[in-house]
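Protein chains in written order, with the numbering used here: chain A, 1 to 273; chain B, 1 to 258.
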């Protein structure tokens, strides 16, 4: 039976000095946010100004208003949703497969020290290998299209996931393991009660890293072989000299990556609560 | 008093790539039920190894260890409580979840009894209000008390304390030392303390085992009679200084040898 939770009294601010301290914290936060927004507005404003006054050529450099118009027309025609959906699905699948798969491989390698020692050189080589070099081979094996892109995305993230999680598992404090053993814990209990929760910070870190890597993998895959997706739009736009389309697709990619990162940050906040 | 633990001609060798290290040599000593024994010796002489052997975490190379009438081996059935240099509370668990960790690991029917014991111990040692807090919210002394309760809820036959106060500042250390001693005595437990701190060993123990340098062997055993005084009160004892000097000289001789 669980004991009841304690209710802490709500008593902040404790004093005038504490109130001043809280106000300073709030002001600092507003200051940082203000400059973050200012930089964005300044860059967009300057870019637009330079394009309007023909200091830069909008044909090659585009401009915020042209990008906005392009986005409006893409959303108005509704064709963009298919491209966003495909890229998002490829990224999320690659992200999920590599995160779960990489962690499972790390668990197996933690479980068997001999297997870890046998496979160590292969993991190091795979980690150093530029995965884009495998692109043509993957297309030959599985054909071009979504399958090849998801494999590409998975390959980019999975090795890093395995290495990070394995490192987190094997560096767990030996005294803690001995403590569990002295309580007669078996290996499964040691893993689920100690090793895995102890590695949660590294797991959150790898989620954050994989958010970035998964987008790199998907877009790289779409550059090599695709007929739809935001990466395809970027390549297509550059081939027909429609820089507005390239920029608009890039803006959408930035937004999607930011949303995914925010979701991971919320998971981190929930974990650290 | 009945013997609870007995070391009979125990030898232990560490195997490394370059050499075979003879860590313990024909070690013979015993600890009675309800006794508080301390082991002191030069650095690296194998004090922690002795605790690992008792807990069955390492196998003896030769000789035998008898605990509660059973030979200690790989399949050690005796319940042992182990406290390390740091409290090793799991930061992601609440105090309650830390204390009941050992109960969770066991497949037994009387879990509710153990939970009840955990609640009683929390109340008795002023931690009941902190059960839903995380370890980071507790002071060093409170954390050590939680670590001790975590081992006591399993009702261990023997408590092994591996320098459990070494990570604390001096003032906290003295008060936690008193706390831990009182808890162990009031719960009627047998304990073995490994420490570098001579004054800690003298003030807490009924029996003081002095080891030689490596390969460690028992150099001297001192039986101490404190007449139920607490460690803090024992520091005021008139024999404390002389005893401290005696142990100091024994250890200095050993350190010089190495």
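Even glycine gets a Cβ: it sits at the ideal position worked out from N, Cα and C. Please read these numbers as outputs of a predicted model, since none were measured by experiment.
Check: Return the chain-ordered list of same chain residues with a C-beta closer than 7 angstroms to the C-beta of residue 150 (chain B), the five sequence neighbours on each side being excluded.; Outcome: 98, 99, 101, 102
Check: I'd like to check one pair, residue 30 (chain B) with residue 6 (chain B): are the Cβ atoms closer than 8 angstroms?; Outcome: yes
Check: Only counting the same chain, and skipping five residues up and downstream in sequence, which positions put a Cβ closer than 7 angstroms to that of residue 220 (chain A)?; Outcome: 132, 152
Check: Measure the Cβ-Cβ separation of residue 206 (chain A) and residue 146 (chain A) and say whether it is below 8 angstroms.; Outcome: no
Check: Which term fits residue 36 (chain B), buried or exposed, when burial requires 16 or more other beta carbons within 10 angstroms of its beta carbon?; Outcome: buried
Check: Quick one: which chain A residues come within Cβ less than 8 angstroms of residue 259 (chain B)?; Outcome: Look at the range of chain B in this structure, 1 to 258, and you will see that residue 259 (chain B) is not part of it.
Check: When the cut-off is 8 angstroms and only beta carbons count, does residue 196 (chain A) lie next to chain B?; Outcome: no
Check: Please classify residue 153 (chain B) as buried or exposed, where buried requires at least 16 other C-beta atoms within 10 Å of its C-beta.; Outcome: buried
Check: Does residue 178 (chain A) have its Cβ less than 8 angstroms from a Cβ in chain B?; Outcome: yes
Check: The alpha helix (DSSP H) with residue 234 (chain A) in it runs from where to where?; Outcome: 230 to 239
Check: Along the chain, where does the beta strand (DSSP E) containing residue 125 (chain B) start, and where does it finish?; Outcome: No beta strand (DSSP E) holds residue 125 (chain B); DSSP gives it neither H nor E.
Check: When the Cα of residue 213 (chain A) is compared with those of A:261, A:54, A:168, A:199, which residue comes out closest?; Outcome: A:261
Check: Contact between the region 246 to 256 of chain B and the region 228 to 237 of chain B is defined here as three or more beta-carbon pairs at a separation below 8 angstroms; is this criterion met?; Outcome: no
Check: For a minimum of 4 consecutive residues, which ranges assigned as the alpha helix (DSSP H) are wholly contained in the region 153 to 232 of chain B?; Outcome: 170 to 186, 198 to 204
Check: Could you check where the alpha helix (DSSP H) with residue 165 (chain A) kicks off and where it finishes?; Outcome: 146 to 170
Check: Measuring only between beta-carbons, confirm whether residue 168 (chain B) sits less than 8 angstroms from chain A.; Outcome: no
Check: State the Cα-Cα distance for the pair residue 47 (chain B) and residue 268 (chain A), rounded to the nearest angstrom.; Outcome: 42 angstroms
Check: Please report the straight-line C-alpha distance between residue 241 (chain A) and residue 253 (chain A), rounded to a whole angstrom.; Outcome: 19 angstroms
Check: Report the rounded CA-to-CA distance for residue 6 (chain A) versus residue 81 (chain A), giving the unit in angstroms.; Outcome: Confidence at residue 6 (chain A) is low in this model, with a pLDDT of 48, below 50, so its placement is unreliable and no value can be given for it.
Check: Do you know how far the Cα of residue 270 (chain A) is from the Cα of residue 191 (chain B)?; Outcome: 41 angstroms
Check: Between the region 50 to 68 of chain B and chain A, which residues of the former have CB atoms less than 7 angstroms from a CB of the latter, in chain order?; Outcome: 55, 57
Check: Have a look at residue 1 (chain A) and residue 96 (chain B) and give me their C-alpha separation to the nearest angstrom.; Outcome: Residue confidence is low: residue 1 (chain A) scores 47 on pLDDT, short of 50, so the model does not pin down where it sits. Its coordinate-derived value is still stated next. C-alpha separation (whole angstroms): 11 angstroms.
Check: How should residue 43 (chain A) be labelled, buried or exposed, when 16 other C-beta atoms within 10 angstroms of its C-beta is the threshold for buried?; Outcome: exposed
Check: For the beta strand (DSSP E) containing residue 23 (chain B), name the first residue and the last one.; Outcome: 20 to 32
Check: Let me see if you follow: with CB-CB separation under 8 angstroms, is residue 9 (chain A) close to chain B or not?; Outcome: Residue placement at residue 9 (chain A) cannot be trusted, given a pLDDT of 48 that sits under 50; what the coordinates show is reported in the next sentence. No, residue 9 (chain A) lies away from the interface with chain B (no Cβ there is under 8 angstroms from its Cβ).
Check: Which residue comes first and which comes last in the beta strand (DSSP E) that contains residue 63 (chain B)?; Outcome: 62 to 67
Check: Can you tell which of B:68, B:19, B:45, B:155 has its C-alpha closest to the C-alpha of residue 218 (chain B)?; Outcome: B:45
Check: Between residue 9 (chain A) and residue 20 (chain A), what straight-line distance do the alpha-carbon atoms span, to the nearest angstrom?; Outcome: For residue 9 (chain A), the predicted model reports a pLDDT of 48, less than 50, meaning its position is unreliable and no value from the coordinates is stated.
Check: For a contact defined as C-beta to C-beta under 7 angstroms, what are the partners of residue 165 (chain A) on chain B?; Outcome: The premise fails here: residue 165 (chain A) is roughly 17 angstroms from chain B at the closest Cβ pair, so nothing lies under 7 angstroms.
Check: Hey, is residue 149 (chain B)'s beta-carbon within less than 8 angstroms of any beta-carbon in chain A?; Outcome: no
Check: With DSSP collapsed to three states, give me the class of residue 39 (chain B).; Outcome: strand
Check: Which residue or residues does DSSP assign as beta-bridge partners of residue 33 (chain A)?; Outcome: Residue 33 (chain A) pairs with nothing; no bridge assigned.
Check: Taking the CB atoms as reference points, tell me whether residue 12 (chain B) and residue 53 (chain B) lie closer together than 8 angstroms.; Outcome: yes
Check: Evaluate contact between the region 176 to 185 of chain B and the region 206 to 226 of chain B, counting only Cβ atoms and requiring at least three cross-stretch pairs below 8 angstroms.; Outcome: no
Check: If you check the beta carbons only, do residue 157 (chain A) and residue 231 (chain A) fall under 8 angstroms apart?; Outcome: no
Check: Looking at residue 80 (chain B) and residue 182 (chain A), is the spacing between their C-beta atoms short of 8 angstroms?; Outcome: yes
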